[in-house]
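Asks: Numbering (this note's numbering), first residue to last: -14 to 491.
Take a look at the structure:
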């Protein structure tokens, strides 16, 4: 008996949902392992490196990040979009090879300039007392870093999440091993950290890049390179604007408050940023490739499928944000000194800000499908100006809480602008989740009632857990989690092995 069109549509939606869940889970595992490794290395760094050496490492890392952002010209996103523009494998290989040759040439040129100007750069960035060799090592690391980044862009576009995570963890494992050798055993300080980065990038990046270019061939198509630059260049504005949205408030706090307030607020932000690390990041790595795949394969049916995928993501994003908001006072009490207890105050506002940050990450897909990245850049540029104004208005009066409110306003403005622009180009309505957010706010209020600030640690944890459980029950009771989703969850819990097999097959 032939299946109905509605049944076929539901089957395709479930297939795309399983595939998205699988890749998001793989990226989540990779992120979690990377963060754990970073936490393991932190005590080693802080015990072996001096505060001066740690500052040198951070400044040079920050500098090379900015250079990568500017020189990269948003070509990573451009490659993903153009990869799904073509069906012909030869055309796709031409896109990949042209991007690889272009990025390698640009980064080598910038690295060469950095090597030649290392002495004045070192005096400008680090002061006259630091040797220029650190800048030269940073330039070598910058150039070798692109050898792994280009293959990773391609692997993400091809939805090879296991390969992406495996390569990333292999590189991390090599870097940590050589860090122990060079920094802990041989006591080479900052130079040892760069040696570790250079060797791990050369080994993993070299293998991946050679393998990739053997497949695609080494060729450069100027017309394709021009298309990639025209598509990606506006996204540099988006990246710079994102930097302003995330970090500009620290400079205002330093000017209008004190370094102590900056330190406390930085802890608040580090806790809030867990949400992008463990929800937005893993989902964001698969969202654009999956959205482009669904758009290409499903035609007009793509819009409800993408809306459904984004709805699942929204519920997960709000749920994790609530969990962080509820338990952050307990976490601060466990891991920090009493002087930092005030860091829990701004977290509810920052958690809501991260919800809008997560929304703006997915809202841009309409503009990228329509190949109009300039509207994303325009929205973020406006929002960046807006957050600077909000910082100026709120931080002098309310300090850290003013910074949190300004951050919320900036990300909310950015999201609504991107959503408005994108919907004019592609009619995908991004699910905002007003009811789940309202339920989360009610659960947070309940948590304050059940676990007041003067409660002991164990009663506080239990009270917050009860509030979160009430939120989960409300998701089912209000129908936010639909009967179909309830049946899928129940089936997954009853037969987890079959669920894992289905995810692997998707």
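The C-beta atom is built at its ideal place from N, Cα and C for all residues, glycine as well. What you are looking at is a predicted structure, and each value in this text was computed from that prediction instead of being measured.
1. Quick check: the Cα distance between residue 284 and residue 276, rounded to an integer number of angstroms?
2. Give the single residue among 21, 394, 131 and 411 whose Cα lies nearest to the Cα of residue 195.
3. Taking only the alpha-carbon atoms, compute the straight-line gap between residue 333 and residue 392 and give it to the nearest angstrom.
4. Considering only the beta carbon of each residue, do residue 220 and residue 325 sit closer than 7 Å?
5. Alpha carbon to alpha carbon, what distance is there between residue 42 and residue 228?
6. Quick check: what's the CA-CA separation for residue 186 versus residue 197?
7. Where residue 217 and residue 451 are concerned, what is the direct C-alpha to C-alpha distance, given to the nearest angstrom?
8. In chain order, what residues of the same chain have a beta carbon less than 7 Å from the beta carbon of residue 496, not counting five sequence neighbours either side?
9. Quick check on this structure: which residue in 128, 126 and 102 has the alpha carbon closest to the alpha carbon of residue 117?
10. Comparing C-alpha positions only, which one of 282, 191 and 159 sits nearest to residue 71?
11. When the Cα atoms are used, what is the spatial distance from residue 279 to residue 291?
12. From the DSSP output, in three-state form, read off residue 283 for me.
13. When the Cα atoms are used, what is the spatial distance from residue 226 to residue 362?
14. Could you check where the alpha helix (DSSP H) with residue 169 kicks off and where it finishes?
15. Out of 310, 190 and 133, which one is the CA nearest neighbour of residue 433?
16. Between which residues of its own chain and residue 431 is the CB-CB distance below 7 Å, once the five residues before and five after are set aside?
17. Check whether the Cβ atoms of residue 317 and residue 328 lie closer than 7 Å to each other.
18. Determine, using beta carbons only, whether residue 210 and residue 91 come nearer to each other than 7 Å.
19. What does the alpha-carbon distance come out to for the pair residue 133 and residue 171?
20. So residue 8 and residue 271 are in contact, right, with Cβ under 8 Å, and what is the actual spacing, rounded?
21. How would you call residue 202, buried or exposed, if buried means at least 16 neighbouring beta carbons within 10 angstroms?
Replies: With the given structure in hand:
1. By 1-based counting over the chain shown, the position of residue 284 is 299. By 1-based counting over the chain shown, the position of residue 276 is 291. The alpha-carbon atoms of residue 284 and residue 276 are separated by roughly 11 Å.
2. The residue labelled residue 195 in the question sits at position 210 within the chain shown. Ranking the options by Cα distance to residue 195, first place goes to 131.
3. On the chain shown, position 348 is the one that residue 333 refers to. On the chain shown, position 407 is the one that residue 392 refers to. Each residue's Cα considered, the two are about 12 Å apart.
4. One-based indexing of the chain shown puts residue 220 at position 235. One-based indexing of the chain shown puts residue 325 at position 340. Not a contact, by the Cβ cut-off of 7 Å.
5. Stepping through the chain shown from its first residue, residue 228 is reached at position 243. Stepping through the chain shown from its first residue, residue 42 is reached at position 57. Those two C-alpha atoms are separated by around 20 Å.
6. Taking the first residue of the chain shown as 1, we reach residue 186 at position 201. Taking the first residue of the chain shown as 1, we reach residue 197 at position 212. Distance between the alpha carbons of residue 186 and residue 197: 15 Å.
7. In the chain shown, residue 217 corresponds to position 232, counting from 1. In the chain shown, residue 451 corresponds to position 466, counting from 1. Going from the Cα of residue 217 to the Cα of residue 451 covers about 47 Å.
8. In the structure as shown, the chain starts at -14 and stops at 491, and residue 496 therefore has no counterpart that could be examined.
9. The residue labelled residue 117 in the question sits at position 132 within the chain shown. The option with the nearest alpha carbon to residue 117 is 102.
10. Your numbering for residue 71 matches position 86 in the chain shown. Ranking the options by Cα distance to residue 71, first place goes to 282.
11. As a position in the chain shown, residue 279 is number 294, starting the count at 1. As a position in the chain shown, residue 291 is number 306, starting the count at 1. Residue 279 and residue 291: Cα-Cα distance of roughly 8 Å.
12. Mapped onto the chain shown, residue 283 falls at position 298. Correct three-state label for residue 283: helix.
13. For the purposes of this step, residue 226 is identified with residue 241 of the chain shown, where counting begins at 1. For the purposes of this step, residue 362 is identified with residue 377 of the chain shown, where counting begins at 1. So the alpha carbons of these two residues sit roughly 8 Å apart.
14. On the chain shown, residue 169 is found 184 positions in, with the first residue counted as 1. Segment: none, residue 169 is in no alpha helix (DSSP H) and carries neither H nor E.
15. Here residue 433 corresponds to residue number 448 of the chain shown, with the count starting at 1. Taking only the C-alpha atoms, the option nearest residue 433 is 310.
16. Taking the chain shown and counting its residues from 1, one reaches residue 431 at position 446. Around residue 431: 452 and 455.
17. Position 332 of the chain shown holds residue 317. Position 343 of the chain shown holds residue 328. Closer than 7 Å, so yes.
18. Within the chain shown, the letter at position 225 stands for residue 210. Within the chain shown, the letter at position 106 stands for residue 91. The answer is no: Cβ separation not under 7 Å.
19. In the chain shown, residue 133 corresponds to position 148, counting from 1. In the chain shown, residue 171 corresponds to position 186, counting from 1. Going by the C-alpha atoms only, they are around 27 Å apart.
20. For the purposes of this step, residue 8 is taken as residue 23 along the chain shown, with counting starting at 1. For the purposes of this step, residue 271 is taken as residue 286 along the chain shown, with counting starting at 1. With a Cβ gap of about 4 Å, residue 8 and residue 271 count as contacting.
21. Position 217 of the chain shown holds residue 202. Its Cβ having fewer than 16 others within 10 Å, residue 202 is exposed.
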